[in-house]
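As structure tokens, the structure follows; a few thoughts come after it.
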Amino acid sequence: MSWLYLLLAGFTEIGWPIGLKMAQSSESRLLGISIAVIFLLISGSLLWMAQKDIPMGTAYAVWTGIGAAGTFLVGVWFYGDPTSLMRYMGVLLIILGVALLKFAA
Numbered sequence: 107m108s109w110l111y112l113l114l115a116g117f118t119e120i121g122w123p124i125g126l127k128m129a130q131s132s133e134s135r136l137l138g139i140s141i142a143v144i145f146l147l148i149s150g151s152l153l154w155m156a157q158k159d160i161p162m163g164t165a166y167a168v169w170t171g172i173g174a175a176g177t178f179l180v181g182v183w184f185y186g187d188p189t190s191l192m193r194y195m196g197v198l199l200i201i202l203g204v205a206l207l208k209f210a211a
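According to our numbering, the residues represented by the sequence shown are 107 to 211, in order.
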């Protein structure tokens, strides 16, 4: 169950940077900040629950890895962030590192 909590924590980690991006516009500033805070609370709570059975370093690396890779992809797909083969390779390395931590645990 802890790994499920950790995966959910990683995916909800993607929500708060989206909220902060939304908050850049004056029309959606309050909504964006609210979304960021809500996702921070959810993600942090799920990480806390996951750390009951998963070592702290592994849990944190998986959590941030999912969040970083997911945020990168959302930025590219929905916000027009720059992309290149090297940037995709960097994200692939993050994902491979996270997978290695999971299987080495």
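Where a beta carbon is used, it is the ideal one built from N, C-alpha and C, also for glycine.
- If you draw a straight line from the Cα of ILE144 to the Cα of LEU206, it comes to about 30 Å.
- Apart from sequence neighbours up to five positions away, the residues of its chain that approach ALA142 with a beta-carbon distance below 6 Å are TRP122, GLY125, LEU126, ordered along the chain.
- A straight line joining the alpha-carbon of TRP183 with that of LEU199 spans about 19 Å.
- Per DSSP, reduced to three states, the secondary structure at GLY150 is helical.
- Less than 8 Å divides the Cβ of GLY116 from the Cβ of TRP169.
- Taking the Cα positions, ALA167 is about 16 Å away from PHE178.
- Spanning the alpha carbons of PHE209 and SER132 requires a straight line of approximately 45 Å.
- By the beta-carbon neighbour count (other beta carbons within 10 angstroms, threshold 16), TYR111 is buried.
- Exposed is the label assigned to GLY203, since fewer than 16 other Cβ atoms lie within 10 Å of its Cβ.
- Put simply, the backbone Cα of ALA129 is about 7 Å away from that of LEU136.
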